[in-house]
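Residue numbers (the working numbering): 19 to 158.
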């Protein structure tokens with residue numbers, strides 16, 4: 019039963035830059051953000067978070083639990099809507115870990131070739147390495 023003024027469900031939108039998307043009615047959403055784990059129920063206060071690599075779990079309106087693995091994006095929460103925009107959405111178990119490990123090695127080689135003066139580029143590459151290493155850990 020919904021409390022007067024608070025919805026019993028919320029919309030969950032997940033979109034990736036690769037064109038994958040998901041739109042469902044959800045009763046509850048749990049998200050691993052860069053700031054920690056977050057539980058969202060209908061009527062939640064507006065907030066905004068970043069996501070490096072983490073799981074989103076939700077219960078649809080039939081009570082089915084669904085899990086996706088997110089990579090590199092954001093979460094916007096409003097009382098009746100959760101919007102997640104990410105670089106990629108994965109089904110658990112569908113991450114190509116060997117390709118990611120190769121990308122990490124290539125990024126580390128690129129990082130090693132940079133001069134100390136290229137601070138912004140170094141920081142960006144270090145951030146990309148960390149995000150991919152986290153995704154690899156989550157995918158295993």
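Where is the CB? At the ideal position from N, CA and C, for every residue including glycine.
Buried or exposed by the 16-neighbour rule on C-beta atoms within 10 Å, applied to residue i
{"i": "residue 47", "result": "buried"}
{"i": "residue 88", "result": "buried"}
{"i": "residue 39", "result": "exposed"}
{"i": "residue 30", "result": "buried"}
{"i": "residue 64", "result": "exposed"}
{"i": "residue 50", "result": "buried"}
{"i": "residue 72", "result": "buried"}
{"i": "residue 56", "result": "buried"}
{"i": "residue 208", "result": "Given that the chain is displayed from residue 19 to residue 158, the structure contains no residue 208 and the question cannot be resolved."}
Beta-carbon separation (whole angstroms), residue i vs residue j, contact threshold 8 Å
{"i": "residue 143", "j": "residue 125", "result": "5 Å"}
{"i": "residue 152", "j": "residue 70", "result": "6 Å"}
{"i": "residue 33", "j": "residue 77", "result": "Incorrect: roughly 20 Å between the Cβ atoms, too far for contact."}
{"i": "residue 109", "j": "residue 75", "result": "With 8 Å as the limit, residue 109 and residue 75 do not qualify as a contact, their Cβ atoms being about 13 Å apart."}
{"i": "residue 147", "j": "residue 115", "result": "About 15 Å; that fails the 8 Å criterion."}
{"i": "residue 84", "j": "residue 58", "result": "The pair is not a contact, with the Cβ atoms about 14 Å apart (cut-off 8 Å)."}
N-terminal and C-terminal residue of the beta strand (DSSP E) that residue i is part of
{"i": "residue 59", "result": "Segment: none, residue 59 is in no beta strand (DSSP E) and carries neither H nor E."}
{"i": "residue 74", "result": "65-78"}
{"i": "residue 29", "result": "28-34"}
{"i": "residue 103", "result": "99-108"}
For residue i, three-class secondary structure by DSSP
{"i": "residue 88", "result": "strand"}
{"i": "residue 119", "result": "helix"}
{"i": "residue 38", "result": "coil"}
{"i": "residue 96", "result": "strand"}
{"i": "residue 134", "result": "coil"}
First through last residue of the alpha helix (DSSP H) which encompasses residue i
{"i": "residue 137", "result": "137-157"}
- request: Indicate whether the contact test is met: 3 or more Cβ pairs, each with one atom in the stretch 125-135 and one in the stretch 103-114, closer than 8 Å.
  value: Segments in contact, no.
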